[in-house]
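Take -11 as the starting number for the sequence shown in this note's numbering and just add one per residue. Where is the CB? At the ideal position from N, CA and C, for every residue including glycine.
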Amino acid sequence: MRVAIVGSGPSGFYAAEALLQSEHTTEVDILERLPVPYGLVRYGVAPDHPRLKDVADTYAAIARHPRFSFIGNASFGKDFTLKELADCYHAVIFATGAATDRKLGIPGEDIQGSHAATSFVGWYNGHPDYRDLEFDLSGESAVIIGQGNVAIDVCRILAKSTDELRKTDIASHALDALADSRIREIHLIGRRGPVQARFTTKELRELGQLSECDPFVDPDNLLLSETCKSELSDVREPARARNFEIFRTFASRRQEKPKCCRVHFFLSPREARGEHRLEELVLERTRLAGAAGRQEAVGTGKTVSIKTGLMIRSVGYSGLPLEGVPFDEKLGTVPNKDGRATMTSSNGFPVYVTGWIKRGPTGIIGTNRADSMATVATLLADLPNFNSQPRPGREASVSLLAQRSVRSVSFHDWETIDQAEKARGLPLGKPREKFTRISEMLAASST
């Protein structure tokens, strides 16, 4: 059995692992649009959290299996189609993640100075798609909309000193820009309350330990309703009580450091204003309504504004449509049943999904392992219905790419790029200095 996996992030590699460890002799090819693997492990994890990237060693071990192949620099919908995958493989698993951000849906959202967290994170992590973006760090105030771990990552990167970031694998162009940053006040904004904030305790605690920045919370925001007290005491969500205690320490802080991060609750963005670029963000005060566990923020009609030239929204991610595959625009996922895509027509070619394109942007890196195992279990259960005719697999797909003058990148090529990046980082005291352009990656892979 020959299976193609489109996407080389965590869910793609875990799906490959599950297939290779099954009782069926399976040849697995991961096709990736970039010349480098690992998806969000490489381009989503914050540079000052290097241990979270150690999981790449696990993926490298999977890649060394004799029936595995990595085919990089090959883009679905551009370099090959679903019909062509059907000609080469018995089935395909899409593990393409959630590559774009959700919008706030407010007037002025697209004004210069307003950005998606996906763009900012990709920029400081050296993703080729975001390499040439510019972020105005010349003002003293920045606003981050959202209260999950991505929002807190963005806050930390803006709050840390250049010296604290210098020895990480942050992209040099981002480090240079951050060195000139004049931002001194960061606003981290959520529309609900402290009990509903989605930070993990470890990340929230880290915010209180920064050498250059003091975090603050308005003590009035910590006065809880009976419904919030009920949520806080829910034994199924122990992080809530831990986080609330951290917020209480933030509420009693005095500013002693050059920067501050103000964690706001009960505020919802209403309009981004400015003549030619962002100058002010108008927010509406909110209150919570509903039963415990299902409380929603509703507007009160009272507004406040924050003067700022930089807004970064981090209110969720969304997948992108895949050519020939159904797509739910509202959820940003491929409709599926247990990982089997709900296809109207693929001429009987079995199509599956895993990871964020399957379930939406939830969970941590490790969550994808169980998710991918479940999808592969569905695929294996469907085997009796597969067309058992032989398929040419990677030989045909690599040949097809070559006919189209697409320079495919093998895992060995990636290892050459990897070693070159580490060598570039060595004199700088960094774990690596990433190549941030595809042309540079391809050049390094052939040395």
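Tell me where the alpha helix (DSSP H) around residue i begins and ends.
{"i": "D141", "result": "N137 to A147"}
{"i": "P(-2)", "result": "P(-2) to L8"}
{"i": "L70", "result": "L70 to C76"}
{"i": "A411", "result": "F399 to G413"}
{"i": "V29", "result": "L28 to Y31"}
{"i": "A44", "result": "A44 to A51"}
{"i": "K190", "result": "T189 to L195"}
{"i": "K66", "result": "Taken as a continuous stretch (DSSP letters only), K66 belongs to no alpha helix (DSSP H), as it is neither H nor E."}
{"i": "E214", "result": "E214 to L220"}
{"i": "D151", "result": "T150 to R154"}
{"i": "A384", "result": "R382 to Q391"}
Per DSSP, what kind of secondary structure is residue i in: helix, strand or coil?
{"i": "Y340", "result": "strand"}
{"i": "A277", "result": "strand"}
{"i": "T296", "result": "coil"}
{"i": "A329", "result": "strand"}
{"i": "I426", "result": "helix"}
{"i": "E233", "result": "helix"}
{"i": "G(-5)", "result": "coil"}
{"i": "P309", "result": "coil"}
{"i": "F56", "result": "strand"}
{"i": "K290", "result": "strand"}
{"i": "P372", "result": "helix"}
{"i": "P182", "result": "coil"}
{"i": "R124", "result": "The residue asked about is misnamed: residue 124 is Asp in this sequence, not Arg. Coil at D124, not helix or strand."}
{"i": "P207", "result": "helix"}
{"i": "T84", "result": "coil"}
{"i": "I174", "result": "strand"}
{"i": "S107", "result": "helix"}
{"i": "N356", "result": "helix"}
{"i": "L367", "result": "helix"}
CA-CA distance, residue i and residue j?
{"i": "I158", "j": "T215", "result": "42 Å"}
{"i": "T296", "j": "E173", "result": "10 Å"}
{"i": "L266", "j": "F123", "result": "12 Å"}
{"i": "G(-3)", "j": "L28", "result": "6 Å"}
{"i": "C143", "j": "A130", "result": "9 Å"}
{"i": "L298", "j": "E317", "result": "28 Å"}
{"i": "G85", "j": "Y26", "result": "11 Å"}
{"i": "H12", "j": "D326", "result": "20 Å"}
{"i": "L436", "j": "A280", "result": "With the chain represented from -11 up to 435, any question about residue 436 goes unanswered, as that position is not in the structure."}
{"i": "R328", "j": "A358", "result": "15 Å"}
{"i": "A365", "j": "A384", "result": "27 Å"}
{"i": "G320", "j": "V138", "result": "18 Å"}
{"i": "E268", "j": "C249", "result": "18 Å"}
{"i": "R224", "j": "T150", "result": "39 Å"}
{"i": "S10", "j": "Y31", "result": "30 Å"}
{"i": "T106", "j": "A3", "result": "25 Å"}
{"i": "L414", "j": "V286", "result": "52 Å"}
{"i": "F82", "j": "I426", "result": "23 Å"}
{"i": "L19", "j": "K346", "result": "18 Å"}
Grab me the residues of residue i's own chain with a C-beta within less than 7 Å of its C-beta, minus the 5 sequence neighbours each way, in chain order.
{"i": "R186", "result": "Q135 and G136"}
{"i": "A432", "result": "T404, I405, A408 and F423"}
{"i": "M429", "result": "P23, V24, I405 and F423"}
{"i": "T14", "result": "M(-11), V(-9), L7, L8 and R55"}
{"i": "D67", "result": "L389, R392 and V394"}
{"i": "G196", "result": "P203, I234, T237 and F238"}
{"i": "F108", "result": "F123, V142 and I300"}
So residue i and residue j are supposed to be a Cβ contact under 8 Å. How far apart are they, rounded?
{"i": "D17", "j": "A(-8)", "result": "5 Å"}
{"i": "R90", "j": "V303", "result": "5 Å"}
{"i": "I132", "j": "I300", "result": "5 Å"}
{"i": "K245", "j": "D206", "result": "Going by Cβ atoms, the distance from K245 to D206 rounds to 19 Å, so no, they are not a contact pair."}
{"i": "S396", "j": "G60", "result": "7 Å"}
{"i": "S306", "j": "T88", "result": "5 Å"}
{"i": "R154", "j": "L125", "result": "With 8 Å as the limit, R154 and L125 do not qualify as a contact, their Cβ atoms being about 17 Å apart."}
{"i": "N324", "j": "V341", "result": "5 Å"}
{"i": "W111", "j": "A162", "result": "6 Å"}
{"i": "K148", "j": "L192", "result": "Contact flag wrong, Cβ pair sits at about 16 Å."}
So, at 8 Å on beta carbons, what are the nonlocal neighbours of residue i in its own chain, with the 5 sequence-adjacent residues on each side left out?
{"i": "G65", "result": "L310 and E311"}
{"i": "T288", "result": "E272, R273, T274 and R275"}
{"i": "F374", "result": "M(-11), H78, A79 and P338"}
{"i": "V96", "result": "The question names Val, but residue 96 is Gly in the sequence shown. So the list reads S102, E259, A260, R261, G262 and L266, once near-sequence residues are dropped."}
{"i": "E128", "result": "R170, I171, R172 and E173"}
{"i": "I294", "result": "S129, V131, H175, E268, L269 and L271"}
Locate the beta strand (DSSP E) running through residue i, then write down its first and last residues.
{"i": "P257", "result": "L255 to R261"}
{"i": "A165", "result": "Segment S160 to A167 is the alpha helix (DSSP H) holding A165; no beta strand (DSSP E) there."}
{"i": "R247", "result": "It is Lys, not Arg, that sits at residue 247 in the sequence shown. Per DSSP, K247 belongs to the beta strand (DSSP E) from K247 to H252."}
{"i": "D17", "result": "E15 to L19"}
{"i": "V24", "result": "Premise fails: V24 is in no beta strand (DSSP E) and is neither H nor E."}
{"i": "S199", "result": "No beta strand (DSSP E) holds S199; DSSP gives it neither H nor E."}
Got a sec? Which residues, its chain only, sit under 6 Å from residue i by beta carbon, not counting five neighbours each side?
{"i": "P35", "result": "T156, D157 and I158"}
{"i": "K41", "result": "V29 and V33"}
{"i": "V386", "result": "S396"}
{"i": "A183", "result": "What sits at residue 183 in the sequence shown is Val, not Ala. Answer for V183: C216, E219, L220 and R228, listed in chain order."}
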